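Protein chains: 2
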Amino acid sequence: MAATIKDVARVSGVHVSTVSRTFSAPHLVNPATRSRVLAAADDLGYRPNRAARALTTGRTFNLGLIVADISNPFFPPLIKAAQAQARGRDHHVFVADTDEDPRVEEELIRTLAKQVDGVLLCSPRLSNKLIERLAEDVPFVVVNRRVRGLPSVLMNVAQGARLALDHLAGLGHRRIALVSGPAGSWTSNEMRAVAAATEGLDLVGFGPNQPTESGGLAVASEVAASGATAVLAYNDLVALGVIEGLAEQGIGVPDQISVIGFDDILPGRLNRPKLTTVAMPAAAAGRMAVDLLLQSGGEGATVTLETALIVRESTGRAQT
Amino acid sequence: MAATIKDVARVSGVHVSTVSRTFSAPHLVNPATRSRVLAAADDLGYRPNRAARALTTGRTFNLGLIVADISNPFFPPLIKAAQAQARGRDHHVFVADTDEDPRVEEELIRTLAKQVDGVLLCSPRLSNKLIERLAEDVPFVVVNRRVRGLPSVLMNVAQGARLALDHLAGLGHRRIALVSGPAGSWTSNEMRAVAAATEGLDLVGFGPNQPTESGGLAVASEVAASGATAVLAYNDLVALGVIEGLAEQGIGVPDQISVIGFDDILPGRLNRPKLTTVAMPAAAAGRMAVDLLLQSGGEGATVTLETALIVRESTGRAQT
DNA sequence: AGGTTGGCTGCAACCGGTTGCCGTCAGGAG
DNA sequence: CTCCTGACGGCAACCGGTTGCAGCCAACCT
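Protein chains in written order, with full-length UniProt numbering: chain A, 1 to 320; chain B, 1 to 320.
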């Protein structure tokens, strides 16, 4: 149906190679010829078939972006920033969702491999070993995970956790519940490590949990029963779930229990009480990841972005 | 780097066509040969290049899904449902975000065209005419818009608006603010049409607005000044923005003004007051759209899905 | 004038697969 | 022992482009 390079060649009376050059190396073709070709192309509504082009050039000018759960509000800002950055460098970004399933993740990577110039792997659920193997097929940049030999963009979760813990300690909290995320999560591990290394605090761990509102909701009653006066949650969604679960039991936040999340997503700002949280530089991470992917030079570069504590209404002094 | 069909052919000592058939038409090749080929393929880690295959077959087993703004929580459920449905039919879905920009939308469609078997166009910002033209390049299913000759999935916005208006009227509201969405939106038009046709109500229109929280926030003071006792918002995000803007002026919801949104997104459920809203069957729409796309038979089929009113806390009796 | 040079274009191979057509060969029917 | 048939696999063209090489011709140099 659609016009091909041959149609354009026929109509403009030149060889296909000339048409090809008109688009991919205009300076090699005579201005007069060029405009004739362009006229014909315009006439026929011709657009080069990018898939076919990729076959010989090996470049698609497409990037893949894989996330575990697109309905987590943490990702959209990252995605949008990545798309904008890519667009500025003449690439397109295609997003795929793995449903938190490692098998789907692998499958998607394999499918994407030959159709894109590189993949942004955000918060992967795959094992490091498998990621390293798959990296032979397609360039990766990994976000929120450190993988040997691959460029990665990390958010300084440890620093964020420290900020949060200090804030809580400053408010007089000593027994703190750590509500972690899914099993394979690097972020979760970082948080746990920091918490464990903090002096003078009494940590109670809960997890692994689904990194969603319902994950938080499900664990709320256990948290309430643990005697903790404050909660450090894997992310804002979980924090909101915990708050809701606590409310169902008549426990007020922050009056009786303080809750702090991670990410700084919109629903947290809209919530009453407004959520105290550790803001992740998601947009910056998206931009940075695209940059790392496109400058193939930066082999195993690792970029770490700082986080910031945003104190709102869900944390307060410990009950005495 | 990666193994190609030729490598497999060489290693297993057969012609490339035999290798090809081993994968795409196994019954045509002798079991003994087949297993030899499969062994070699496995050995080399060979995976057929889908882009190359698409060149001859014309089928990619990929679907594109285009949305105006991926950070609108309305879309993720639709996206996930579409992905799940597509996965069940052996296809993958790639998502792209247009940033509410028609030019980007067109560009994305053109790019996607040759790399997918069809495109799900959700809440397009493009003109009908342009969509019809682009439909010559790639099969479409349009969501939330009716386009001549193209299959589409609609949510019954008119019915939803009627539900909402009746609900408000039943609570004694007579002067109602209609906070609409972006200019090109079909949904917005439907709402306006229903509102205009409703007897006994005093409508005040505001718009067009950004379909986001800040869009609602920006218009809140005007709404407050209009003397309306209730607000029907383009979507939940806008509704939440209006509520926030009202709160900044010390106006309570639902005590002084009632607010009702569309979509039934998560932040609305989490908000205090919990948002009364018209629930859209987003997941069903995603599934349906994939089905329509894959059964090429259904030429210009149009499916309309019903909506439901969910009364929560943001609506109450009109102040007397 | 003859030899260079350089700009422009055509030729053909190639990217990684797919597929219609035909030849080969073994086994069964007559 | 022929003839036919059907299963199998090789050949080669093709999908829509790209690109190294070579040929052509006009302009330039000496």
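Backbone N, C-alpha and C define an ideal beta-carbon position, used for all residues, glycine too.
The structure presented is a predicted model; accordingly, all values stated were derived computationally and were not measured.
Check: What does N128 of chain B touch in chain A if you count any residue whose Cβ is under 8 Å from its own?
Finding: For the purposes of this step, residue 128 of chain B is taken as residue 128 along the second sequence, with counting starting at 1. Those do not exist, as N128 of chain B stays about 18 Å from chain A at its closest Cβ, beyond 8 Å.
With 16 other Cβ atoms within 10 Å as the buried cut-off, status of G245 of chain B = Here residue 245 of chain B refers to the residue found at position 245 of the second sequence. Classification for G245 of chain B: buried.
Sheet register partners of R34 of chain B (DSSP bridge) = Here residue 34 of chain B refers to the residue found at position 34 when the second sequence is read from its first residue. According to DSSP, which records beta bridges pairwise, R34 of chain B is partnered with nothing at all.
* Asked: Rounded to a whole number of angstroms, what is the C-alpha to C-alpha distance between R287 of chain A and L63 of chain A?
  -> Position 287 of the first sequence, counting from 1, holds the residue named residue 287 of chain A. Position 63 of the first sequence, counting from 1, holds the residue named residue 63 of chain A. Roughly 13 Å between the two C-alpha positions.
L171 of chain A versus A230 of chain B - alpha carbon distance: The count along the first sequence starts at 1 and reaches residue 171 of chain A at position 171. The count along the second sequence starts at 1 and reaches residue 230 of chain B at position 230. For L171 of chain A and A230 of chain B, the distance between alpha carbons rounds to 42 Å.
Practice prompt. With distances taken Cα to Cα, identify the nearest neighbour of G252 of chain A among A:L178, A:G215, A:A32, A:Q319.
Written response: What you label residue 252 of chain A is simply residue 252 of the first sequence in a count that begins at 1. Nearest of A:L178, A:G215, A:A32, A:Q319 to G252 of chain A, Cα basis: A:Q319.
Quiz item: Does the distance from the CB of L120 of chain A to the CB of S258 of chain A come in under 8 Å?
Solution: For the purposes of this step, residue 120 of chain A is taken as residue 120 along the first sequence, with counting starting at 1. For the purposes of this step, residue 258 of chain A is taken as residue 258 along the first sequence, with counting starting at 1. No. Outside cutoff.
Along the segment 60-72 of chain A, where does the CB come closer than 7 Å to a CB of chain B? Name the residues.
I70, S71
**OP:** Could you give the DSSP three-state label for V153 of chain B: helix, strand or coil?
**Re:** If you number the second sequence from 1, residue 153 of chain B lands on position 153. Looking at V153 of chain B - three-state DSSP - the assignment turns out to be strand.
* Do we get a CB-CB distance below 8 Å when we pair D97 of chain B with the residues of chain A? -> As a position in the second sequence, residue 97 of chain B is number 97, starting the count at 1. By this cut-off, D97 of chain B is an interface position.
Using 8 Å as the threshold, is the C-beta distance between P281 of chain A and L305 of chain A below it? Along the first sequence, read from residue 1 onward, the residue named residue 281 of chain A stands at position 281. Along the first sequence, read from residue 1 onward, the residue named residue 305 of chain A stands at position 305. Contact: yes.
Within chain B, the residues that Q83 of chain A reaches when beta carbons sit closer than 8 Å = Mapped onto the first sequence, residue 83 of chain A falls at position 83. Within chain B, the residues near Q83 of chain A are A96, D97, D99.
For H27 of chain A, count neighbouring C-beta atoms within 10 Å of its own C-beta (all shown protein chains included) and say buried if the count is 16 or more, exposed if not. Looking up residue 27 of chain A in the first sequence gives position 27. By the 10 Å Cβ count, H27 of chain A comes out exposed.
When you check each C-beta in the UniProt domain "HTH lacI-type" (3-57) of chain B against every C-beta of chain A, which residues fall closer than 7 Å?
R47, N49, R50, A51, A52, A54, L55
Open item on the list: At a CB distance below 8 Å, what residues from the segment 203-229 of chain A approach chain B? Give them in sequence order.
Closed with: E213
| field | Best match in B:G45, B:H91, B:R87, B:R47 for proximity to R59 of chain B [C-alpha to C-alpha] | value | Taking the second sequence and counting its residues from 1, one reaches residue 59 of chain B at position 59. Taking only the C-alpha atoms, the option nearest R59 of chain B is B:H91.
Could you check whether the segment 123-136 of chain B touches the segment 88-102 of chain B, counting it as contact only if at least three pairs of C-beta atoms, one from each stretch, sit closer than 8 Å? yes
What residue range does the beta strand (DSSP E) around A233 of chain A cover? In the first sequence, residue 233 of chain A corresponds to position 233, counting from 1. It spans 230-233 - the beta strand (DSSP E) in which A233 of chain A sits, taken as one unbroken run.
Nonlocal neighbours in the same chain, by C-beta distance under 6 Å from G184 of chain A, ignoring five residues either side: Taking the first residue of the first sequence as position 1, residue 184 of chain A is located at position 184. Result list for G184 of chain A: R125, in chain order.
Just to check my reading of the structure: E190 of chain B and V142 of chain B have Cβ atoms closer than 8 Å, yes? What is that Cβ distance to the nearest angstrom? Counting from one through the second sequence, the residue named residue 190 of chain B turns up at place 190. Counting from one through the second sequence, the residue named residue 142 of chain B turns up at place 142. With a Cβ gap of about 14 Å, E190 of chain B and V142 of chain B do not count as contacting.
Classify T277 of chain B: buried if its beta carbon has 16 or more other beta carbons within 10 angstroms, exposed otherwise. The residue given as residue 277 of chain B occupies position 277 in the second sequence. T277 of chain B should be labelled buried.
**chain A contact residues for N156 of chain B, given Cβ-Cβ distances below 7 Å** = Stepping through the second sequence from its first residue, residue 156 of chain B is reached at position 156. Here the premise fails: no neighbours, minimum Cβ distance about 24 Å.
Exercise. Measuring only between beta-carbons, confirm whether R110 of chain B sits less than 8 Å from chain A.
Key: Against the second sequence, residue 110 of chain B aligns to sequence position 110. Chain A, which has a Cβ nearer than 8 Å to the Cβ of R110 of chain B, makes this yes.
Could you check the C-alpha separation between D7 of chain B and R133 of chain A for me, to the nearest Å? By one-based count along the second sequence, residue 7 of chain B stands at place 7. By one-based count along the first sequence, residue 133 of chain A stands at place 133. Spanning the two alpha carbons is a distance of roughly 20 Å.
| field | Start and end residues, beta strand (DSSP E) containing S188 of chain B | value | The residue you call residue 188 of chain B lines up with position 188 of the second sequence. From DSSP, S188 of chain B is part of no beta strand (DSSP E) but of the alpha helix (DSSP H) over 186-197.
### Where the beta strand (DSSP E) containing I109 of chain A begins and where it ends
Mapped onto the first sequence, residue 109 of chain A falls at position 109. Per DSSP, I109 of chain A belongs to no beta strand (DSSP E); it is in the alpha helix (DSSP H), 102-113.
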